[in-house]
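**Student:**
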């Protein structure tokens, strides 16, 4: 029989196809694993609802569970239990190392334009806070575009949601 | 049809149709930034539509895709505001602002609903809509004194909640939107 620990270990190897440096566990989208005999139940929450990577991650999780000999059951929750605060500290560090600035914590409340336009977001390349908003939207729903005036490098900023 | 399903379909249809209209700027928006913005907004709106259709589909014993694409144009519950093909930037910006304004009110109501499932999904959608509202407000602030923008707001405002009867533009969009699906042999799975 598959154990919960084996399942978590296997899931930690499945990465977001659009951000291949970070796993579904780092992203915080696996909300629970339950093993009942052969059945492996995974509770999964989408990040952004329109993100095409979700389908891929879901299929990869199911395939991986099947490889372990379990019967996968991936339940997609449409509730509000995921926010970017769920990304683990390790996950944030992996994002930064890949040149993708991790999201600001949500503790300060819902994001506002005045915040995004202010300095304070750190460049993932040189660490300077002298960065400006280029576009609220970016190449995927989860990212904004910023420009670092210090090292003159554009970069992608994970949106806070 | 139950009130809950009606409401879900109303919002889902608005988001789906607006998502398609927004996606018409992909590749041809006046600035690269806006090309990216409207493409991303379109993707979000269609994602919201899918989640809302899924809740409705569970009650109706069908699937999100069937609700999105297998109904006749007259069965859609969307507002006329989202149906129109608006190839001018002032109209697109005006619609964006009016839609986000109405959508924010609707989401606030849903978030406070006794229906935990609906309230939860509304809260999730709202996290993303915050960014749409910022974008709509940014364009409103830029254009609010431009006569063409003001005229477009006046022209479109009455269409925000108008759900009785559709424009011919919805049928045209429906033809494009469902063409691939309708041309597949029966029994094709997606």
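Chains as they are written, first to last, in my numbering: chain G, 1027 to 1187; chain E, 297 to 486. For glycine and all other residues, C-beta sits at the position ideal for the given N, C-alpha and C.
According to DSSP, is residue 298 (chain E) part of a helix, a strand, or is it coil?
**Tutor:** Start at 1 with the first residue of the second chain, and residue 298 (chain E) comes out as number 2. If DSSP states are grouped into helix, strand and coil, residue 298 (chain E) belongs with coil.
**Student:** Which of helix, strand or coil does DSSP assign to residue 1155 (chain G)?
**Tutor:** In the first chain, residue 1155 (chain G) corresponds to position 129, counting from 1. Looking at residue 1155 (chain G) - three-state DSSP - the assignment turns out to be coil, as it is neither helix nor strand.
**Student:** Does residue 427 (chain E) have its Cβ less than 7 angstroms from a Cβ in chain G?
**Tutor:** Mapped onto the second chain, residue 427 (chain E) falls at position 131. By this cut-off, residue 427 (chain E) is an interface position.
**Student:** Quick one: grab the DSSP three-state call for residue 349 (chain E).
**Tutor:** Counting from one through the second chain, the residue named residue 349 (chain E) turns up at place 53. Here residue 349 (chain E) sits in helix by DSSP.
**Student:** Tell me whether the beta-carbon of residue 1099 (chain G) lies closer than 7 angstroms to the beta-carbon of residue 1057 (chain G).
**Tutor:** Position 73 of the first chain, counted from the start, is the residue given in the question as residue 1099 (chain G). Position 31 of the first chain, counted from the start, is the residue given in the question as residue 1057 (chain G). In this structure, residue 1057 (chain G) does not lie closer than 7 angstroms to residue 1099 (chain G) by Cβ.
**Student:** Between which two residues does the beta strand (DSSP E) carrying residue 1179 (chain G) extend?
**Tutor:** Within the first chain, the letter at position 153 stands for residue 1179 (chain G). Taken as a continuous stretch (DSSP letters only), the beta strand (DSSP E) holding residue 1179 (chain G) covers 1179-1184.
**Student:** Tell me whether residue 492 (chain E) sits in a helix, a strand or coil according to DSSP, three-state version.
**Tutor:** The question about residue 492 (chain E) has no answer, for chain E in this structure spans 297 to 486.
**Student:** For residue 389 (chain E), count neighbouring C-beta atoms within 10 Å of its own C-beta (all shown protein chains included) and say buried if the count is 16 or more, exposed if not.
**Tutor:** Position 93 of the second chain, counting from 1, holds the residue named residue 389 (chain E). That one is buried.
**Student:** Let me confirm a value: residue 324 (chain E) is counted as buried when at least 16 other C-beta atoms fall within 10 Å, else exposed. Which label applies?
**Tutor:** Counting from 1 along the second chain, the entry for residue 324 (chain E) is found at position 28. Exposed, since its Cβ has fewer than 16 Cβ neighbours within 10 Å.
**Student:** In chain order, what residues of the same chain lie with their CB nearer than 8 angstroms to the CB of residue 1049 (chain G), ignoring the 5 residues before and after it?
**Tutor:** Position 23 of the first chain, counted from the first residue, corresponds to residue 1049 (chain G). Only 1037, 1038, 1039, 1040, 1041, 1042, 1117 meet the Cβ criterion.
**Student:** Using a C-beta cutoff of 7 angstroms, does residue 342 (chain E) count as contacting chain G?
**Tutor:** Here residue 342 (chain E) refers to the residue found at position 46 of the second chain. True, the Cβ-Cβ gap to chain G drops below 7 angstroms.
**Student:** Does the distance from the C-beta atom of residue 321 (chain E) to that of residue 334 (chain E) stay below 7 angstroms?
**Tutor:** Along the second chain, one-based indexing puts residue 321 (chain E) at 25. Along the second chain, one-based indexing puts residue 334 (chain E) at 38. Cβ atoms of residue 321 (chain E) and residue 334 (chain E): closer than 7 angstroms.
**Student:** Would you mind giving the Cβ-Cβ distance between residue 338 (chain E) and residue 318 (chain E), rounded to the nearest angstrom? I have them listed as a contact below 8 angstroms.
**Tutor:** Numbered from its first residue, the second chain carries residue 338 (chain E) at position 42. Numbered from its first residue, the second chain carries residue 318 (chain E) at position 22. Taking C-beta atoms under 8 angstroms as the contact rule, residue 338 (chain E) and residue 318 (chain E) qualify, at a distance of about 4 angstroms.
**Student:** With DSSP run on the structure shown, which of helix, strand or coil describes residue 1140 (chain G)?
**Tutor:** Here residue 1140 (chain G) refers to the residue found at position 114 of the first chain. In the three-state scheme derived from DSSP, where H, G and I count as helix and E and B as strand, residue 1140 (chain G) is classed as helix.
**Student:** In terms of alpha-carbon separation, which member of E:412, E:311, E:348, E:410 lies closest to residue 374 (chain E)?
**Tutor:** The residue you call residue 374 (chain E) lines up with position 78 of the second chain. Of the candidates E:412, E:311, E:348, E:410, the one whose C-alpha sits nearest the C-alpha of residue 374 (chain E) is E:311.
**Student:** How should residue 1111 (chain G) be labelled, buried or exposed, when 16 other C-beta atoms within 10 angstroms of its C-beta is the threshold for buried?
**Tutor:** Stepping through the first chain from its first residue, residue 1111 (chain G) is reached at position 85. Residue 1111 (chain G) should be labelled exposed.
**Student:** With 7 angstroms set as the bound, which would you pick, yes or no: does the beta-carbon of residue 1104 (chain G) sit closer than that to a beta-carbon of chain E?
**Tutor:** Stepping through the first chain from its first residue, residue 1104 (chain G) is reached at position 78. Answer yes: the Cβ-Cβ gap between residue 1104 (chain G) and chain E drops below 7 angstroms somewhere.
**Student:** Mind checking if residue 1058 (chain G) is an interface residue toward chain B, Cβ cutoff 7 angstroms exclusive?
**Tutor:** The displayed structure is made up of protein chains G and E, and chain B is not among them.
**Student:** Does residue 1136 (chain G) come within less than 7 angstroms of chain E when only Cβ atoms are used?
**Tutor:** Taking the first residue of the first chain as 1, we reach residue 1136 (chain G) at position 110. Cβ-Cβ to chain E under 7 angstroms: yes for residue 1136 (chain G).
**Student:** Nearest CA to the CA of residue 1029 (chain G): which residue from G:1053, G:1132, G:1091, G:1074?
**Tutor:** Here residue 1029 (chain G) refers to the residue found at position 3 when the first chain is read from its first residue. Taking only the C-alpha atoms, the option nearest residue 1029 (chain G) is G:1091.
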